[in-house]
Amino acid sequence: MTTVSRAVAGPADDISVGPGLSSAPARRRRGTLRRIVTQWGPAVPFLIAAGGILAAAAFWLIRTSFSGPDGGWTLQAWQDIFAQQITRAAMVRSLGLSAVVATLCLVLGSVLAYLVSGLARRGRTAAQALLNVAANFGGASLAIAMVSTLGAVGFVRLLLQDRFGYALGFDLYSFWGVVVTYMYFILPLYVLLVLPAMSVLRAEWWDAVQAAGGTRWHYWRHVGLPVLCPFLLAGWVLTFAWSLGQFSVPYALLGDTSATSLITTRLGNFLFSATGGSNRFERAAALAVFLMVISALALVLYRLMANRMLARLENLR
Amino acid sequence: MTRMSRWALLGLWSVFLVLPVLATLLYSLATVWRGRAFPDGYTLAWWVQAFSEPRVVSALMRSVWLAVLTVVVVAAVVLPALYWGHIRNGRIRTVMQLCALLPFALPFVVLAYGIKRLAGASELTQPWESSPVLVVLGHVALSFPFFLWPVDGAMSAAGVRQLSEAAETSGATPLATLFRVVIPNIRTGILTGAILTFATSFGEYSIARVITGSSFETLPVWQVSALQDTRGNPNGVAVMAIFTFLLMFIVSVLIARTGKGQPLRLLPGIGNTR
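What follows is the structure, given as structure tokens:
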């Protein structure tokens, strides 16, 4: 790649040498400019539209979270979000919810991914396509589907009541209701994420463990799980960050009631209701930055694990 | 694990995945459904009614053109950059892969609020602070990774650099190379990327809601407000949920078709950044 780019940059330098009017440093500067344009030119619209806007938006949120009523710098918004009981409770609930969802995915999803990987080729392809549907079936439509299933007059509740005379005590509009709803689309996502990792396991290893007199338990304890560990943990981290940032599902389900508010619905409350107090936009920004920092940390952690995973895959293949 | 418990586990999971869809479908077809296990009768009236209600139809149309516009802008912005990254400057690809991780570090609602604040910050952009233009921009910024990954994979697989070198030696202009050699060779990747981008943009709620309040009502924005409206019509809401589900189903089948059974690379940021 570098040889090609030099070959292109070379002639560009020569062309930029003018009729000898400009001085040497100016010529060199123009040469550098020309090289940057030929090297990066077609990427400029992308860099502005995607990278530039994302980075500028993130930067501006950080600035807003520290700004006072007169535009000066203040910590007021940050103090407010940590001092306010409802908001603090929302943070704890959000982090707890994401940890529960990610852990359930780690336990159930890993087993399910192993089972799916054991299917025949056709079955696996079909399962992948269907899981893809479920993973994409998030947002407002999922909230509607869950209300039709487990809500006050939901299908499952009516079915149990009518056929078995059993009154379901489960409340959809609670912490565990949101957990179940998240599991609908995040569990398939987790399975799709860790499914490629399952191909790392080899039948010979199980044979070797058996030859040494080991059982299934020995195999998983000493071979299977240690090999899969970084993949599964990376899936946990990504699932955690993914559930933390969900807005449309909890907002559609819970609205912005304070009893079961999450960081994201609290943020929505600051933005949409006019009763949020004088610096509600600054507090919303602080809350957004708080979310952003945790998600970014999770992502850095994921990248580190991903690099280790790649190294491991190289070793195994 | 025995065969039995394997199928039992997969079966339980399938039930969990199918039940909500079934329940919503029943709601969208039920005449009266009170206190019984199944509806008293079935009708298509809710479907007819939903698709003849101006508010629903205009929300649906808005979502469709928003998603189409997003796909077009994403393709126009990502393709040249990625092409250049493959044939001239490998660092562009590294930068793009890193940018593609940003939407995962910025929850969509945070991204939406950031864009809104950013537009409101300067005099020049203030009139656009709550305009649909900003919504398109937001959708582009969050959905481009879904276009980037399959197209990048397709370009690597097709050996775009060798192709363009060959075309150049034969005397083709760069534009002709792009349109007549490169794009035909990565059609599958572009198609997959476009479908995924469309689906992401179509189902996205927070960007439109946060940026425009409720003045630009896309389908998801309508769905949430209709769900929370106690006097609303639950059957009509169910109709649109099933409609969205069907759309996602078609999208997934299309991708499985075009990808010819290859596993979807959903794992963000893994591979070919080296």
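Chains A and B, in that order, are what the protein sequence lines are. Under our numbering, residues 1 to 317 are what the first sequence spells out, in order. Under our numbering, residues 318 to 591 are what the second sequence spells out, in order. Note that the Cβ used here is the ideal one computed from N, Cα and C, for glycine as well.
- Cβ-Cβ distances below 7 Å link Ala-140 (chain A) to Ser-248, Ala-252 in the same chain, with the five nearest sequence neighbours on each side left out; the list follows chain order.
- The three-state secondary structure of Ser-295 (chain A), taken from DSSP, is helix.
- At the C-beta level, Ala-555 (chain B) and Tyr-344 (chain B) come within 8 Å of one another.
- The beta carbon of Thr-87 (chain A) lies closer than 6 Å to those of Ile-81, Arg-266 in the same chain, with the five residues before and after it left out.
- Nearest to Val-570 (chain B) by alpha-carbon distance, out of A:Ala-298, A:Gly-224, A:Ala-129, is A:Ala-129.
- The residue from B:Ala-367, B:Ala-393, B:Ile-559, B:Val-338 with its alpha-carbon nearest to that of Phe-46 (chain A) is B:Ala-393.
- Within the stretch 124–144 of chain A, the residues whose Cβ lies closer than 9 Å to some Cβ of chain B are Arg-124, Thr-125, Ala-126, Ala-127, Gln-128, Ala-129, Leu-130, Leu-131, Asn-132, Val-133, Ala-134, Ala-135, Asn-136, Phe-137, Gly-138, Gly-139, Ala-140, Ser-141, Leu-142, Ala-143, Ile-144, listed in chain order.
- As summarised for the stretch 381–429 of chain B, the continuous alpha helix (DSSP H) elements at least 4 residues long and confined to that stretch are 407–416, 419–422, given in chain order.
- For Tyr-359 (chain B), the three-state secondary structure derived from DSSP is strand.
- When C-alpha distances from Leu-112 (chain A) are compared across A:Leu-271, A:Leu-193, A:Thr-149, A:Val-100, the shortest belongs to A:Leu-193.
- Residue-level contact check: Ser-380 (chain B) does not touch chain A, since none of the beta carbons of chain A fall below 8 Å from its beta carbon.
- Between the stretch 186–203 of chain A and the stretch 229–240 of chain A, the count of C-beta pairs closer than 8 Å reaches three or more; the two stretches touch.
- Note that the stretch 500–513 of chain B does not touch the stretch 403–412 of chain B; fewer than 3 beta-carbon pairs, one per stretch, sit closer than 8 Å.
- Under the three-state reduction of DSSP, Ala-120 (chain A) is assigned to coil, being neither helix nor strand.
- Using a Cβ-Cβ cut-off of 8 Å, Val-156 (chain A) counts as an interface residue toward chain B, since at least one Cβ of chain B sits closer than that to its own.
- The bridge partners DSSP lists for Ala-347 (chain B) are B:Tyr-359.
- Against Trp-363 (chain B), chain A offers no close residue; the least beta-carbon distance is about 13 Å (beta-carbon pairs closer than 8 Å).
- Here Ser-199 (chain A) carries a coil assignment [DSSP, helix/strand/coil].
- Contact annotation, Gly-245 (chain A) with Phe-463 (chain B): C-beta distance approximately 16 Å; criterion of less than 8 Å not satisfied.
- Residue environment for Phe-270 (chain A): buried (at least 16 other C-beta atoms within 10 angstroms of its C-beta).
- In this structure, Asp-162 (chain A) lies near Arg-353 (chain B), with their beta-carbon atoms less than 8 Å apart.
- Closer than 8 Å to the CB of Ala-49 (chain A) there is at least one CB belonging to chain B.
- Straight-line measurement puts the Cα of Ala-429 (chain B) at about 24 Å from the Cα of Met-565 (chain B).
- Between Cys-105 (chain A) and Gly-123 (chain A), the alpha-carbon positions lie close to 22 Å from each other.
- Where Gln-79 (chain A) is concerned, the enclosing alpha helix (DSSP H) starts and stops at 76–83.
- When the five nearest sequence neighbours on each side are left out, the beta carbons in the same chain lying within less than 8 Å of the beta carbon of Val-538 (chain B) are those of Ala-376, Tyr-522, Ala-525, Arg-526, Ser-531, in order along the chain.
- Less than 8 Å separates the beta-carbon of Gly-402 (chain B) from that of Ala-43 (chain A).
- Residue environment for Gly-109 (chain A): buried (at least 16 other C-beta atoms within 10 angstroms of its C-beta).
- Contact of Ile-53 (chain A) with chain B by beta-carbon distance below 7 Å involves Ile-432, Leu-454, Ala-458.
- Take the alpha-carbon of Ala-284 (chain A) and the one of Ser-65 (chain A): they are about 8 Å apart.
- Between Thr-264 (chain A) and the set A:Arg-280, A:Ser-278, A:Leu-291, A:Glu-282, the nearest pair of CA atoms involves A:Leu-291.
- Taking a contact as a CB-CB distance under 8 Å, the pair Gln-540 (chain B) and Ile-144 (chain A) counts as one, their CB atoms being some 6 Å apart.
- Taking 8 Å as the cut-off, the Cβ atoms of Lys-433 (chain B) and Leu-451 (chain B) count as close.
- Listed in chain order, the alpha helix (DSSP H) runs fully inside the stretch 145–192 of chain A are 155–159, counting runs of at least 4 residues.
- If you look at His-456 (chain B), you'll find it in the alpha helix (DSSP H) that goes 449–475.
- Secondary structure of Ser-98 (chain A) (DSSP, three-state): helix.
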